[in-house]
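Heads up: the sequence lines are chains Z and P, in that order.
Heads up: the first sequence is residues 1 to 344, going by this note's numbering.
Heads up: the second sequence is residues 1001 to 1344, going by this note's numbering.
For each residue, glycine too, the CB sits at the ideal point set by N, CA and C.
These numbers come from a predicted model, not from an experiment.
Below is one structure, written out as structure tokens; comments come after it.
2 protein chains.
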Amino acid sequence: MAGVTLKTVAKAVGVSPSTVSNAYNKPDQLSTALRDRILAAAHELGYAGPDASARALRSGKAGAIGVLFTDKLSYAFSDPFAVGFLAGLAEVAEEFRTSLLLMPVGTEDTADSSTAVQQAAIDAAAIFCVPYGHPALDILAARGLPAAATDPDNYTDSWVAIDEVAAAMSLGEHLTRLGHRDIVVLVEGAGAAGTGPVEMRLDEVLSGNPTQRLEGLQKAMPEARIRLVSGGHNAFNSGVAGASWVLDSQDRPTAIVGLSDVQALGAMEAMRVRGLVPGRDLTVTGFDDIPAAEQAGLTTIHQPIGEKGRVLGRLLLDPATTERQVLLPTELVVRASSGPAPKR
Amino acid sequence: MAGVTLKTVAKAVGVSPSTVSNAYNKPDQLSTALRDRILAAAHELGYAGPDASARALRSGKAGAIGVLFTDKLSYAFSDPFAVGFLAGLAEVAEEFRTSLLLMPVGTEDTADSSTAVQQAAIDAAAIFCVPYGHPALDILAARGLPAAATDPDNYTDSWVAIDEVAAAMSLGEHLTRLGHRDIVVLVEGAGAAGTGPVEMRLDEVLSGNPTQRLEGLQKAMPEARIRLVSGGHNAFNSGVAGASWVLDSQDRPTAIVGLSDVQALGAMEAMRVRGLVPGRDLTVTGFDDIPAAEQAGLTTIHQPIGEKGRVLGRLLLDPATTERQVLLPTELVVRASSGPAPKR
DNA sequence: TCGTTCTTCTAAATCGATCTAGAAAAACGA
DNA sequence: TCGTTTTTCTAGATCGATTTAGAAGAACGA
């Protein structure tokens, strides 16, 4: 069973290894009769076709693109935004007969993160929300693989993104129009588990999307008091925790802005538990417009999540795509969760 | 930049290729001084470390496990059950420093499905809800890779599953107790897109989970009239479509049983649109207990979704795991969507 | 001082295919 | 019939590393 290679088959049939290889890869390079004979012999010997690693080595094509995540891989699947993005990417990958290799790169640890990125047999890499300066990016760069990112501030010049600042501004303007002058922003915190929600300073916020979204908010609400609170990493529960902490404090804002929809949905849940109605008692807004946002009636910034994945896929796989940098449109979607600030 | 290999580095430093290889893989096989010199030279030359394909070929380890899906890859991400399973699998994969290679295998087309399964450089395969007899499984078998499945009736003797029949029976008994004698089961249909919902015969239902769940239902409800309806593949929209068709028909059942939660949730949506209240006007039940089921108040069969992935991961990666076949527990979770059948 | 054991390093084989260049045979045109 | 093209097949180099067995030198104990 084991140890059956091209050579074994070649010897059995009485042809050269090259011919057997051709039987699999270039059917028009040999007569049909011989090809059938080879395939039959291969089947009989239990030969499963050319070895993947060997083929990858020789031909230089791995038939897979890697997807880099900062977070643990398990988070990736719990985050609807990531899931939507992956679905889009997968669609294009399928089209090009390419598999998707998911690679967690850890948050900061160089030694660990390197292994996956270094050892992976891939043709190209999709960089999904990995902050600038992450060690894995250097490793990737060293490999010289084509890469495309979901942020313009990444090391590669291929990316698909949205205008985060402008999007956040339109949200900020919406809040301003509604009269909000005192808001709390739920951000993703570095905070270790168990420490509970904490108030953060602007400079503590990691780079990437969050910073730009904050920047946009501040620009659009220059007169507002903006506080930052983190309930943990980017997840529903963190939103619940962060918002609960805010709601139970002596100093409630008039609006809670989740920097992602999942956090905002968590905030809505925290309100529900306390008998508060989003949009009436307190305004809650999100970011991204994941499917659940619509059902929950969450005011948020819509961005074409699946399309982001699809465009990135084409950036990596489709030679016909000449554009290297794609900016997708966003739109403020006003739903029931936002309402006028109560008079003071 | 390109063409920098182990040899290049070796020549530059003036050592043998083996030594450079050891510098990366067996640091204790050479002096620290030399190792540093090698690594420095490598960095300077822009060498990104041992080539993944070559390493995989020589050492026989790809550092990845493949995940086989029947459906299109993009569906995998839209299905909460799949997502939960993947999250669990990913957790274990991470632990073992292994990446996940997602491989769609198409529904039936041999030629197409083979490519991914054949070309993938993987150490083992996770077979996720791929029906028995699927051509990709034969290809996989021929490769002689370790494999584990989410169904006991698959070709490999490693699997993690639930007792589908028993689980379905407990659901059937629940419905019987509530007085239901006329039910419609929403099944996944082969139906091409655009054909609209159709009534199906039992023998038209594909093998695997669905058949067993139906079997359990029938066993527990011998006197009931059980009809099968398909609104398409396994998705929310299909549930909406199938249920709408049923609700608008002249011959409404007293209960709609989704063979998966997403279908059941679709059915609830179809009811909502029509002003019907699940549990009062009509009973709706699901299967799997995905997160959304709890929020929606859906009566369903709970199964440990994430754990299923974790166990499968250990089956494939953890040499310490001796068990080959794991049966996970299930539980009927009664929520608001099921209620007594109206008196006739 | 001499054999013995470590440590450090290397030569050459090997993993399993694909590719290039070209030979042998068959088909073709005039 | 003879050169020319096309079809069919092959030899041998090559992709880039890892591995095995062992050499050279250093350290060690008695």
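Start and end residues, beta strand (DSSP E) containing residue i
i, result
"Z/Glu199", "Val198 to Met200"
"Z/Val229", "Arg225 to Ser230"
"P/Gly1216", "Segment Asn1209 to Ala1220 is the alpha helix (DSSP H) holding P/Gly1216; no beta strand (DSSP E) there."
"Z/Asp203", "No beta strand (DSSP E) holds Z/Asp203; DSSP gives it neither H nor E."
"P/Asp1182", "Asp1182 to Val1187"
"P/Val1257", "Ala1255 to Gly1258"
"Z/Ile127", "Ala124 to Phe128"
"P/Ala1149", "Ala1147 to Ala1149"
Neighbourhood of residue i by C-beta, 8 angstroms cutoff - its chain only, sequence neighbours within 5 removed
i, result
"Z/Leu45", "Val4, Thr8, Val9 and Ala12"
"Z/Leu328", "Val160, Ala161, Ile162, Gln303, Pro304, Glu307, Lys308 and Val311"
"P/Phe1081", "Ser1260, Asp1261, Val1262, Asp1288, Ile1290 and Ile1305"
"Z/Asp318", "Val92 and Phe96"
"P/Met1200", "Val1187, Gly1189, Leu1228, Val1229 and Ser1230"
"Z/Phe69", "Tyr75, Ala76, Ala82, Leu102, Met103, Pro104, Val105, Phe128, Cys129 and Val130"
"P/Thr1110", "Any answer about P/Thr1110 is weak, because its pLDDT of 47 lies below 50 and its placement is not dependable; what the coordinates show is given next. If we look at P/Thr1110 and ignore the five residues flanking it on each side, its Cβ neighbours are Pro1135."
Extent of the continuous alpha helix (DSSP H) to which residue i belongs
i, result
"Z/Gly172", "Glu164 to Arg177"
"Z/Ala142", "Pro135 to Arg143"
"Z/Gly239", "Phe236 to Leu247"
"Z/Gln6", "Sequence inspection shows Leu at residue 6 of chain Z; the Gln mentioned does not correspond to that position. Leu6 to Val13 is the span of the alpha helix (DSSP H), which, as asked, contains Z/Leu6."
"Z/Val20", "Pro17 to Asn25"
Beta-carbon neighbours of residue i, restricted to chain P and to distances below 7 angstroms
i, result
"Z/Met103", "Ser1099"
Contacts of residue i in chain Z (Cβ-Cβ under 7 angstroms)
i, result
"P/Leu1057", "Ser53, Ala54 and Leu57"
Chain-ordered chain Z contacts of residue i [CB-CB under 9 angstroms]
i, result
"P/Gly1063", "Thr115, Ala116, Gln119, Ala120 and Ala121"
"P/Val1262", "Correct list: empty, because the minimum Cβ distance to chain Z is about 12 angstroms."
Contacts of residue i in chain Z (Cβ-Cβ under 8 angstroms)
i, result
"P/Ser1078", "Val83 and Ala87"
Own chain partners of residue i with C-beta closer than 6 angstroms, once the 5 adjacent residues on each side are dropped
i, result
"Z/Ala121", "Ala56 and Ala62"
"Z/Val334", "Thr299"
"P/Ser1337", "Pro1278, Gly1279, Val1284, Gly1297, Leu1298 and Thr1299"
"P/Ala1149", "Ile1127, Thr1156 and Trp1159"
"P/Ala1124", "Ile1065, Leu1145, Pro1146 and Leu1316"
"P/Met1221", "Gly1172 and Thr1176"
"P/Gln1212", "Glu1164 and Val1165"
"Z/Ile38", "Val13, Val20 and Ala23"
"Z/Gln325", "Trp159"
"Z/Glu215", "Val165"
Cut-off 7 angstroms between Cβ atoms - residues of its own chain near residue i, not counting five sequence neighbours on either side
i, result
"P/Ser1244", "Ala1270"
"Z/Pro17", "Leu6, Lys7 and Ala10"
"Z/Asn22", "Gln29 and Leu30"
"Z/Gly266", "Phe236, Asn237, Ser238, Gly239, Val240 and Ala243"
"P/Gly1049", "Tyr1024"
Which complete beta strand (DSSP E) runs does the region 1033–1107 of chain P hold, if anything under 3 residues is left out? 1064–1069 and 1099–1104
So if I threshold CB-CB distances at 9 angstroms, which residues from the region 116–136 of chain Z count as touching chain P? Ala116, Gln118, Gln119, Ala120, Ala121 and Ile122
List, from N- to C-terminal side, the beta strand (DSSP E) runs of 3 residues or more that fit wholly inside the region 260–344 of chain Z. If only complete runs of 3 or more residues are kept, the region 260–344 of chain Z shows the beta strand (DSSP E) at 283–285, 300–302, 325–328 and 331–333, in order along the chain.
Along the region 1137–1149 of chain P, what residues have a CB closer than 8 angstroms to any CB found in chain Z? Ile1139, Ala1142, Arg1143 and Gly1144
Check distances from the C-beta atoms of the region 1023–1050 of chain P to those of chain Z and list, in chain order, the residues that come in under 7 angstroms. Hits within the stretch, in order: Gly1046, Ala1048 and Gly1049.
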